[in-house]
Amino acid sequence: MRIELTPEKLHGSFVVKVEEISGQDLLSCYQCGKCSAGCPMSFAMDILPNQIIRLAQLGMEAEIAESKAIWLCATCITCIARCPRGCDLSRVIEALRLLTLRKNADAIEPSRIPAETLAELPQIALVSCFRKFTA
Amino acid sequence: MINLNYYPGCTLKTKAKNFEDSAIASMSALGIALIELPRWNCCGASYCLAEDDLIHQVAPVRNLIRVKSQESRVESQGEGDSRLQTPDSRLLKVVTLCPFCYNTLKRANLIVRNDPGKRDTLNSFMDEEIDYHGEVETVHLLEVLRDDVGWEAIAKKVKVPLEGLIVAPYYGCTLIRPREIAIDNVERPTVLHRLMETLGATVVDFPFATECCGSFQSVSNPELAAETAWNILTLAQRQGAEALVLSCPLCEYNLGFQQKLIRRRHGEFKGIPTPYFTQLLALALGLESCGFDRGYTDSRALLQSKGLLS
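If you read the sequences in order, they're chains A and B. Here the first sequence is numbered in this note's numbering, starting from 1 and rising by one per residue. Here the second sequence is numbered in this note's numbering, starting from 136 and rising by one per residue.
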C-alpha cells in the first residue's frame, strides 16, 4: 500500500481525538504484532489489529474509516492481555468506532435482525452489540 | 446459612434461568443463601472503554450503591454479622453469575476507586443516592466456591460423583480479562478445572479454553461468530471432551444454540452438549433443579448414558 505522510495527518486533530477518547499513547506501540497473532477475529479482518494502530499513529483517518476491521472486534481483550507495551488496543478501536458513531451513524440496523434470532438471543448479546455498534 | 448479596442481571432471569436456578439451589445446599439485590438495574452488559464517557458508568455504579445501601440497612437491623465478608472487612461483597455483569460491575468500581475526579462527578450526578467510594467488592460465584466454600467442603457434599464424564472447561473472556479484574490466571485459568475434578468428572485441557466465542458478533456477524465457535468446539472434541462446561449465557448461545448454524456450514460437525458449571454442580450435589431441559443444547442423553441422570 502507498502511504502519503504529511505533518497535518501526523499531528492533526484525528490523532489527538483518538488519544483523548482512548486514553492511550498511540506511539507506545512498537508494532510487534502480538495483538494480531492472538486476535480471534483477525482471520476475517481486511487490515490486521497491529495495522489499525499503525494507521492511527500515522493519522490515516480515511484508510481506517474504509476498513471493516474495527467493526469485527468483539472486545475480548486478548490483545491487551498480551501486549508487551501495555497499549490498550481495545480502547483504541472503541475510540475509532466512536468517531463514526458520534456522528449519529449506526454500524448495524437493529430492525434487520430476524425476529426468530431476536427471540433466541440472550439480552447481554443485544445490549452489548447495540452499545458497541449503534449511536 | 450465610447470606450473600446477589446481582442477577437480565439474562439470568430469562434465557439463562437454568443457570440461576441451579446456582441458587447448589449454593443453598452448600450453606450459602443468594439474596437478590432489591431494585437492581441493567449493568450495561459491555463495559464502556471511552475515557470521556462517564454516563455509561452510571448503571453499574448505581447497582453497587444499592449493595452499599442494602448493607447499611441490614446492619442497622442488627443482622450484619451473618453476611459473608471479604478478608478486608471494610469491603462489602456482591456475587454475580453472569460474566458480563461481573466484568462491567468490577471495572466500573475500579474507576470509582482509582479516579477521584470521576468518582466525584458520578456521585454528584447521582444526587438521590448515597455517596459511593468503591466499598463494594464484586465477586463471581466461581470465586465464592473456590475461596469461601473450598474444594474440600464441596467434595464432602457430592452425592452423585460425575464419574466417567469427560468435560472440557471453557472460560471465555470476561471472567479473566483484563488482568486487573481476572478471577484466575489470565492465560491459564484452573478454577473450572478444579471444580469439575472436585465433582468427580474427568477434565481435558484444550488450547481454546480462553479463546473468545465471538461474543456479540453473533448479532452483527453470525456466520463469523459461528466460525470461531466451530474452532473451539471441534478442538475440545478432538481432545476427547464429551461436554463443554460454560460459565456465560452468551457463550452458551454462540457455542450451543449456534451449533445448528455450524452444522449447516460444516456437515461433518457432531454436536456437543454445553452445560453451565452450576448445572453439573447441582447434579453432583444430588439436587433436582439442574434445568437440563431448558438449555440451548441438551445434556440429558449424555448424562443418562453415564448413569448420572435417570
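Note that beta-carbon positions come from the ideal geometry of N, C-alpha and C, so glycine has one too.
By DSSP's assignment, LYS34 (chain A) forms no beta bridge with any residue. Here ILE289 (chain B) is actually not in contact with LEU418 (chain B); their C-beta atoms are around 13 Å apart, not less than 8 Å. Between ARG312 (chain B) and chain A, the shortest Cβ-Cβ separation is below 8 Å.
Segment contact: the stretch 341-361 of chain B against the stretch 370-386 of chain B, three or more CB-CB distances shorter than 8 Å; contact assigned. For the pair GLU63 (chain A) and LEU55 (chain A), the CB atoms are nearer than the 8 Å cut-off. Sixteen is the threshold: when 16 or more other Cβ atoms of the shown chains lie within 10 Å of the Cβ of MET41 (chain A), as they do, the residue is buried. The beta strand (DSSP E) runs lying completely inside the stretch 350-392 of chain B and spanning 3 residues or more are 378-380, given in chain order. In chain order, ALA185 make up the part of chain B whose C-beta sits under 7 Å from the C-beta of ALA95 (chain A). Here ILE80 (chain A) has ASP88, LEU89, SER90 as same chain residues with Cβ atoms under 7 Å from its own Cβ, once five neighbours each way along the sequence are excluded.
Annotation: ALA168 (chain B) has no Cβ neighbours in chain A at a cutoff of 8 Å; minimum Cβ distance is about 25 Å. By the Cβ test, the stretch 267-281 of chain B is not in contact with the stretch 335-342 of chain B, since fewer than three Cβ pairs between them sit closer than 8 Å.
For THR256 (chain B), the uninterrupted alpha helix (DSSP H) segment begins and ends at 251-260. When C-beta atoms of the stretch 359-376 of chain B are compared with those of the stretch 390-404 of chain B, three or more pairs fall below 8 Å, so the two segments count as touching. Counting C-beta atoms within 10 angstroms of its own C-beta, PRO410 (chain B) has 16 or more neighbours from the protein chains shown and is therefore classed as buried.
Between LEU169 (chain B) and ILE159 (chain B), the C-beta gap is smaller than 8 Å, which places the two residues in contact. Think of a sphere of 7 Å around the beta carbon of LYS132 (chain A): the chain B residues whose beta carbon falls inside it are SER181, PHE351, in chain order.
Judged by DSSP in its simplified three-state form, ALA303 (chain B) adopts strand.
Judged by DSSP secondary structure, GLU120 (chain A) falls within the alpha helix (DSSP H) whose first and last residues are 115-120. Among the bridge pairs identified by DSSP, LYS228 (chain B) is matched with B:GLU272. Proximity of the stretch 225-240 of chain B to the stretch 139-148 of chain B meets the contact definition, three or more beta-carbon pairs being nearer than 8 Å. Pairing GLY23 (chain A) with GLU315 (chain B) gives a Cβ-Cβ distance that is not under 8 Å.
With 16 or more neighbouring CB atoms inside 10 Å of its own CB, HIS275 (chain B) falls in the buried class. Residue contact check for SER111 (chain A) against chain B: no CB pair falls below 8 Å.
Residues of chain B with a Cβ closer than 7 Å to the Cβ of ALA125 (chain A) are, in chain order, PHE351, SER353, VAL354, LEU385, TYR388. One finds PRO122 in chain A with Cβ atoms closer than 7 Å to the Cβ of ALA151 (chain B), taken in chain order. When 7 Å is used as the limit between beta carbons, GLU346 (chain B) is near these residues of chain A: PRO40, in chain order.
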